[in-house]
Amino acid sequence: MKFGAIDIGSNAVRLLITNVYETKKGPLFKKSSLIRVPIRLGDDVFTTGSISEVRFQKMIETMRAFKLLLGVHDVVSYRACATSAMRNATNGEALVEAISEEADLDIEIIQGKKEADIIFSNHFEERLFKDRSYLYIDVGGGSTELTVFSNNKPVASRSFRIGTIRILRNKVEPEYWEKLLRWVETNTTGLDKLDGIGSGGNINKLYKMAEISGSLPMRFNQLTEMHDMLAAMSYEQRIEDLGLNADRADVIVPACEIFIAIMKRANIKDMIVPQFGLSDGITRLLYEEYRSNA
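For the sequence shown, my numbering assigns the number 4 to the initial residue and increments by one for each residue that follows.
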């Protein structure tokens, strides 16, 4: 059976189609198709407060295409979630209504806490070591979601309006940076065995670029070396020499800076990069809902 997950982020919009196979050992999730469209809603929202007419129409056209693909794949069910840019846009609800009417596709604008809850539907915390604590860091275009895990349970969680596109557009005040870092320090002080868990398209790309073998964590010094290398290159060089997509080549540097600042304040030396995100969590929830109604 197939399920569809749509993640409407500040930088890109993604449609993930996943096959779920029921085995004796439990459900097996296998990605069938991933389509990413770099609409960049955050460029409008974090500058003017609303989504421009051009991107408004692009979103409607993209959702029409996604709706057709959901039908072609015969998905059992789908869910579409919009995050920071849509929830901050003055015309975000108007866009939701337009997409419902013109593309026949329902979109849910979710808050940061709900976003973190959906991501953790992957049950990744079950694979963590009980004698260690973890700081989950999800960096997006418009916000950064943080969750502290201790004894395999979330003990503190917070969403901050600090993201890669906001930084590129100089829309993050210094005092807000300090607010985030104070929260990190307050909620990680006393946790001796603390590792990071990195989430988001940028850290996934950095992890691959670092060519880390197996499922080993990314070390703090590896991340800082990647940052220094990328920051020394021009935008064009990151595209031509490293093969980065145009909409990744600019945001990857501020993403590094967010991760580095948080890891430094929390004194984190190692960061696990499981390479899952909102779309994966949506798929897990859709399957669990399907089974509960079967």
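C-beta atoms are modelled at their ideal positions from N, C-alpha and C, and glycine is treated no differently.
8 Å Cβ cutoff met for residue i and residue j
i	j	result
residue 37	residue 17	yes
residue 140	residue 262	yes
residue 14	residue 168	yes
residue 41	residue 171	no
residue 276	residue 165	no
residue 285	residue 106	no
residue 115	residue 162	yes
residue 274	residue 200	yes
residue 112	residue 90	yes
residue 110	residue 102	yes
residue 268	residue 184	yes
For residue i, three-class secondary structure by DSSP
i	result
residue 78	coil
residue 117	helix
residue 70	helix
residue 257	helix
residue 106	helix
residue 27	coil
residue 6	strand
residue 236	coil
residue 15	coil
residue 142	strand
residue 97	helix
residue 86	coil
residue 231	helix
residue 248	coil
Integer-rounded CB distance, given that residue j should sit under 8 Å from residue i
i	j	result
residue 136	residue 73	Actually they do not touch by this definition, with Cβ atoms about 40 Å apart.
residue 11	residue 119	Not really, about 16 Å apart at Cβ, beyond 8 Å.
residue 80	residue 6	6 Å
residue 52	residue 93	5 Å
* To do: Determine contact between the stretch 98-108 and the stretch 146-166, defined as no fewer than three beta-carbon pairs at a distance below 8 Å.
  => no
* For the stretch 19-38 against the stretch 211-228, are there 3 or more C-beta pairs whose distance is under 8 Å? -> no
* Could you tell me whether the stretch 240-251 touches the stretch 166-185, where touching means 3 or more Cβ pairs closer than 8 Å? => no
* To do: Entirely within the stretch 151-221 and at least 3 residues each: give me those beta strand (DSSP E) ranges in chain order.
  => 156-163, 197-202
* To do: Kindly confirm or deny that the stretch 75-93 and the stretch 140-149 touch, where touching means at least three C-beta pairs closer than 8 Å.
  => yes
* To do: Would you mind listing the alpha helix (DSSP H) stretches within the stretch 29-57 that are 4+ residues and don't spill past its ends, in chain order?
  => 44-51
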